[in-house]
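Trainee: For the sequence shown, the numbering used here begins at 28 and goes up steadily by one. The beta-carbon is built from N, C-alpha and C at its ideal position, and this holds for glycine as well.
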Amino acid sequence: MDEHKEQQRLHFDHVTLPERLPLRETVMALHQVTYNRFVRALPLRDGDRVLELGFGWVQLVRVLAGNARFQGVGMDLSATMVAAAHRERGRMHFMVGDAESIPFGSGSFERLIALSLLEHLPHQQQALTEMNRVLKPGGHLLLQLPVRDDVLTWQFFFRSRHPESWVAIMKNLAHKPELVPHSRSLRQWLDRAGFDIEWERRDEVLFQPMYDYLVLPLLDRLKVWKDGKKTQAESTPARRFATPLPVEEGNPPATEPEKPWRPKPSGIHRYLLPVASLLLIPDYLLGRCGIGACVWILARKRESVTGPIGSTG
28 MDEHKEQQRL HFDHVTLPER LPLRETVMAL HQVTYNRFVR ALPLRDGDRV LELGFGWVQL
88 VRVLAGNARF QGVGMDLSAT MVAAAHRERG RMHFMVGDAE SIPFGSGSFE RLIALSLLEH
148 LPHQQQALTE MNRVLKPGGH LLLQLPVRDD VLTWQFFFRS RHPESWVAIM KNLAHKPELV
208 PHSRSLRQWL DRAGFDIEWE RRDEVLFQPM YDYLVLPLLD RLKVWKDGKK TQAESTPARR
268 FATPLPVEEG NPPATEPEKP WRPKPSGIHR YLLPVASLLL IPDYLLGRCG IGACVWILAR
328 KRESVTGPIG STG
């Protein structure tokens with residue numbers, strides 16, 4: 028594993044620690060306001076096999092639960108994240124794997140989700156080519172990631188005035204600014220990999236990135252200081268989670284329809300989030316106008332691909 032991927036793995040090992048659970052629930056509660064409408068737009072039918080790459084906090088099964096009976100597979104580079112997922116949402120099949128070399132045969136899935144993943148990968152064209160390979164012809168890819176052309180967003184103004192602080196924020200989130208692509212390049216990569224874009228949307232304009240990048244980290248640091256958990260938070264993740272639990276061989280289990288999942292924010296966030304929902308209205312309206320720091324794309328694998336598929340990063 029190269030140095031960059033090792034840094035990514037260590038970062039996500041850390042955010043999976045049990046004492047980080049309240050922060051994770053709060054982040055998911057805020058994202059539910061914006062992310063869920065895009066995730067639920069993924070065409071999903073009974074019996075579909077769905078792969079989520081870089082599943083993080085198991086966004087797929089939590090948001091899509093109740094939509095259809097599907098066979099879900101979650102793959103992440105962090106073994107600690109996989110172990111935590113087994114404990115939290117054990118009905119899916121979870122495994123350790125690299126999105127640039129997906130360990131499944133061609134045409135294994137009808138749907139694929141990759142949220143906040145591509146900007147962490149050093150070889151993005153290769154990853155998109157792999158995603159295309161494991162999808163069946165006509166299968167759908169739901170993609171979300173930050174892009175470089177984020178004019179008129181909070182990130183754009185903050186980065187222009189405080190470039191060094193912006194780099195520090197990105198490093199804290201395990202992002203390399205140079206890996207964040209321009210949306211034009213992203214469209215070219217998708218076309219080269221064999222995808223046709225069905226729709227493209229924007230989000231994260233003003234309030235949500237400010238909340239994610241400034242408010243949440245500040246409150247998280249205050250909580251660590253208040254509870255005296257700094258030493259515990261910096262302990263070795265491997266001591267918290269043993270090796271990932273074994274998964275059943277063969278087809279992953281189909282998820283049963285259930286009540287929609289609701290995150291449980293704690294502390295002051297229980298009072299901030301209702302206000303946040305109102306403050307997100309301008310973000311929603313600006314996103315509808317094509318303004319936003321993150322792009323959502325629903326792409327469809329072509330029934331047949333002519334010519335060689337690019338594989339360079």
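1) Pull the bridge partners of residue 228 from the DSSP assignment, please.
2) By the 10 Å Cβ neighbour count, where 16 or more other Cβ atoms means buried, how is residue 316 classified, buried or exposed?
3) At what residues does the alpha helix (DSSP H) containing residue 213 begin and finish?
4) Does DSSP classify residue 108 as helix, strand or coil?
5) Looking at the structure shown, is residue 164 part of a helix, part of a strand, or coil, going by DSSP?
6) Contact between the region 121 to 128 and the region 153 to 160: three or more CB pairs below 8 angstroms?
7) Can you name the residues that DSSP bridges to residue 128?
8) Taking the CB atoms as reference points, tell me whether residue 69 and residue 169 lie closer together than 9 angstroms.
9) Would you please state the rounded distance, in angstroms, between the beta carbons of residue 321 and residue 172? I believe it to be under 8 angstroms.
10) Would you call the CB atoms of residue 342 and residue 146 closer than 9 angstroms?
11) To which residues of the same chain is residue 318 closer than 8 angstroms at the C-beta, ignoring the five residues directly before and after it?
12) Helix, strand or coil for residue 330 per DSSP?
13) Going by the beta-carbon positions, is the gap between residue 217 and residue 326 smaller than 9 angstroms?
14) Let me know the secondary structure DSSP gives residue 76 once reduced to three states.
15) Which two residues bound the contiguous alpha helix (DSSP H) that contains residue 69?
16) Using CA atoms only, rank isn't needed, just tell me which of 240, 214, 63, 79 is closest to residue 201.
17) Does the separation of the CB atoms of residue 137 and residue 66 fall below 9 angstroms?
18) Apart from the five residues on each side of it in sequence, which residues of its chain come closer than 8 angstroms, Cβ to Cβ, to residue 329?
19) Note down the Cα distance separating residue 113 from residue 188, rounded to an integer number of angstroms.
20) Taking the alpha carbon of residue 211 as the reference point, which residue from 121, 195, 176 has its own alpha carbon closest?
21) Are there 16 or more other CB atoms within 10 angstroms of the CB of residue 219, so buried, or fewer, so exposed?
22) From 159, 120, 82, 174, pick the residue whose C-alpha is nearest to that of residue 142; which is it?
23) Leaving out the 5 sequence neighbours to the left and right, which residues in its chain are closer than 6 angstroms to residue 273 when beta-carbon positions are compared?
24) Taking the alpha-carbon of residue 225 as reference, which of 119, 29, 323 has the nearest alpha-carbon?
Mentor: If we stick to the structure as given:
1) Taking the first residue of the sequence shown as 1, we reach residue 228 at position 201. Residue pairing of residue 228 in beta bridges, as defined by DSSP: 323.
2) For the purposes of this step, residue 316 is taken as the residue at position 289 of the sequence shown. The residue in question, residue 316, is exposed, as its Cβ has fewer than 16 Cβ neighbours within 10 Å.
3) Within the sequence shown, residue 213 is the residue found at index 186, counting from 1. From DSSP, the alpha helix (DSSP H) with residue 213 extends over 210 to 220.
4) Start at 1 with the first residue of the sequence shown, and residue 108 comes out as number 81. Correct three-state label for residue 108: helix.
5) In the sequence shown, the residue the question calls residue 164 occupies position 137. It is a strand residue.
6) yes
7) Sequence index remark: in the sequence shown, residue 128 carries index 101 (1-based). Answer is 125.
8) Mapped onto the sequence shown, residue 69 falls at position 42. Mapped onto the sequence shown, residue 169 falls at position 142. Closer than 9 angstroms, so yes.
9) What you label residue 321 is simply residue 294 of the sequence shown in a count that begins at 1. What you label residue 172 is simply residue 145 of the sequence shown in a count that begins at 1. That pair is a contact at about 7 angstroms.
10) Residue 342 cannot be examined here, being either before or after the span of the chain that is shown, 28 to 340.
11) Taking the sequence shown and counting its residues from 1, the one referred to as residue 318 is at position 291. Around residue 318: 178, 179, 180, 229, 232.
12) As a working mapping, residue 330 is identified with position 303 in the sequence shown. Three-state DSSP puts residue 330 in coil, outside helix and strand.
13) Stepping through the sequence shown from its first residue, residue 217 is reached at position 190. Stepping through the sequence shown from its first residue, residue 326 is reached at position 299. With contacts defined as CB atoms closer than 9 angstroms, residue 217 and residue 326 qualify as a contacting pair.
14) In the sequence shown, the residue the question calls residue 76 occupies position 49. In this structure, residue 76 counts as strand in the three-state DSSP scheme.
15) Within the sequence shown, residue 69 is the residue found at index 42, counting from 1. Segment: none, residue 69 is in no alpha helix (DSSP H) and carries neither H nor E.
16) As a working mapping, residue 201 is identified with position 174 in the sequence shown. It is 240.
17) As a position in the sequence shown, residue 137 is number 110, starting the count at 1. As a position in the sequence shown, residue 66 is number 39, starting the count at 1. No, the pair does not count as a contact, with Cβ atoms beyond the cut-off.
18) Within the sequence shown, residue 329 is the residue found at index 302, counting from 1. Closer than 8 angstroms at Cβ, skipping near neighbours: 164, 221, 222, 223.
19) Taking the first residue of the sequence shown as position 1, residue 113 is located at position 86. Taking the first residue of the sequence shown as position 1, residue 188 is located at position 161. Cα to Cα, residue 113 sits roughly 43 angstroms from residue 188.
20) Here residue 211 refers to the residue found at position 184 when the sequence shown is read from its first residue. When only C-alpha atoms are compared, the closest one is 176.
21) Translated into the one-based positions of the sequence shown, residue 219 becomes position 192. Buried, by the Cβ-count rule.
22) Here the question's residue 142 lines up with position 115 in the sequence shown. Residue 82 is the option with its Cα nearest to residue 142.
23) Taking the first residue of the sequence shown as position 1, residue 273 is located at position 246. At residue 273, the pLDDT of 39 sits below 50, so the modelled position is not reliable; the number obtained from the coordinates is stated separately. Sequence-distant partners of residue 273 (beyond 5 residues in either direction) whose C-beta falls short of 6 angstroms from its own C-beta are missing from its chain.
24) Walking along the sequence shown from the start, residue 225 turns up at place 198. Closest by alpha carbon: 323.
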